[in-house]
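*Asks:* Residue numbers (this note's numbering): 2 to 196. All C-beta atoms, glycine included, are put in the ideal place defined by N, C-alpha and C. Can you keep this structure in mind? I'll have questions shortly.
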């Protein structure tokens, strides 16, 4: 079969006209629905009213470690990794969520590659969103800031030397049936500094 460009254009115009005709014959009530009504969320000092605040700048009451108490440092409204203290996790367990987190690399630059400002945000103990000082610091692409560690590199490198970084993470947990068989894959979207 041999199609000419004019045949392709004519076919496209015909389909477009048919779609437009169908749309103009549609009543507004065919595409409008009124329930369920989404919950109303208000904003107070930039925090949505339905948010669970995991760190208020004052204490680690929402956090723990494998050994019990979370032993990181809180000073000047900042939570800082304490070398040798190990990982911390939230007291509450989450499955599907949106997480807003702000982080900054150490001011004193030490190390290179994965040895420079390396940390991570673990999602249900399954996936890690990499935190790393990438500024003039080459490393493997699926291990840089914003990557799903050793699984997927970020779509773009968002480097902000000596500045605070923001991750907005949208996570939908994988689903399993009663026998432990995967029924729906998990998804994660990471917006690094709004990119």
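Counting only runs of 4+ residues fully inside the region 28 to 114, write out the alpha helix (DSSP H) ranges in chain order.
*Replies:* Taking only runs of at least 4 residues, no alpha helix (DSSP H) segment lies wholly in the region 28 to 114.
*Asks:* In whole angstroms, what separates the C-alpha of residue 77 from that of residue 119?
*Replies:* Locating residue 77 in the chain shown gives position 76, where the first residue counts as 1. Locating residue 119 in the chain shown gives position 118, where the first residue counts as 1. In a straight line, the C-alpha of residue 77 is about 22 Å away from that of residue 119.
*Asks:* Among residues of its own chain, excluding the 5 on either side of residue 83, which ones have a beta-carbon nearer than 8 Å to its beta-carbon?
*Replies:* Locating residue 83 in the chain shown gives position 82, where the first residue counts as 1. 72, 73 and 74.
*Asks:* Any chance the region 55 to 73 sits against the region 136 to 151, with 3 or more Cβ pairs inside 8 Å?
*Replies:* No, they do not touch.
*Asks:* Just the Cα atoms here: how many angstroms apart are residue 61 and residue 55?
*Replies:* Position 60 of the chain shown holds residue 61. Position 54 of the chain shown holds residue 55. Cα-Cα distance, rounded: 8 Å.
*Asks:* Which class does residue 116 belong to by DSSP, given the choice of helix, strand or coil?
*Replies:* Locating residue 116 in the chain shown gives position 115, where the first residue counts as 1. Residue 116 falls in the helix class under three-state DSSP.
*Asks:* So what does DSSP say about residue 196, is it helix, strand or coil?
*Replies:* As a working note, residue 196 is residue 195 in the chain shown. Here residue 196 sits in coil by DSSP.
*Asks:* Quick one, which of 130, 101, 152 and 196 has its alpha-carbon nearest residue 49's?
*Replies:* Against the chain shown, residue 49 aligns to sequence position 48. Checking every option, the nearest Cα to that of residue 49 belongs to 101.
*Asks:* Return helix, strand or coil for residue 144, following the three-state DSSP convention.
*Replies:* The residue you call residue 144 lines up with position 143 of the chain shown. Here residue 144 sits in helix by DSSP.
*Asks:* Of all the options 168, 169 and 183, which has the alpha carbon lying nearest to the alpha carbon of residue 175?
*Replies:* Working through the chain shown from its first residue, we reach residue 175 at position 174. Among 168, 169 and 183, the Cα nearest to that of residue 175 is on 183.
*Asks:* Leaving aside the five residues before and after residue 87 along the sequence, list all residues of the same chain whose C-beta is less than 7 Å from its C-beta, in chain order.
*Replies:* As a first step, residue 87 is located in the chain shown; it is residue number 86 there, counting from the start. Around residue 87: 66 and 67.
*Asks:* If we ignore side chains and look at the alpha-carbon of each, how far apart do residue 167 and residue 26 end up?
*Replies:* By one-based count along the chain shown, residue 167 stands at place 166. By one-based count along the chain shown, residue 26 stands at place 25. Going by the C-alpha atoms only, they are around 46 Å apart.
*Asks:* Counting C-beta neighbours from all protein chains within 10 Å, is the total for residue 155 16 or more, i.e. buried, or is it exposed?
*Replies:* As a working mapping, residue 155 is identified with position 154 in the chain shown. That one is buried.
*Asks:* Kindly indicate the opening and closing residues of the beta strand (DSSP E) around residue 169.
*Replies:* Working through the chain shown from its first residue, we reach residue 169 at position 168. Looking at the DSSP string, the run of the beta strand (DSSP E) that includes residue 169 is 166 to 173.
*Asks:* Go to residue 129, then tell me how far its beta strand (DSSP E) extends in each direction, as first and last residue.
*Replies:* Taking the first residue of the chain shown as 1, we reach residue 129 at position 128. Taken as a continuous stretch (DSSP letters only), the beta strand (DSSP E) holding residue 129 covers 128 to 132.
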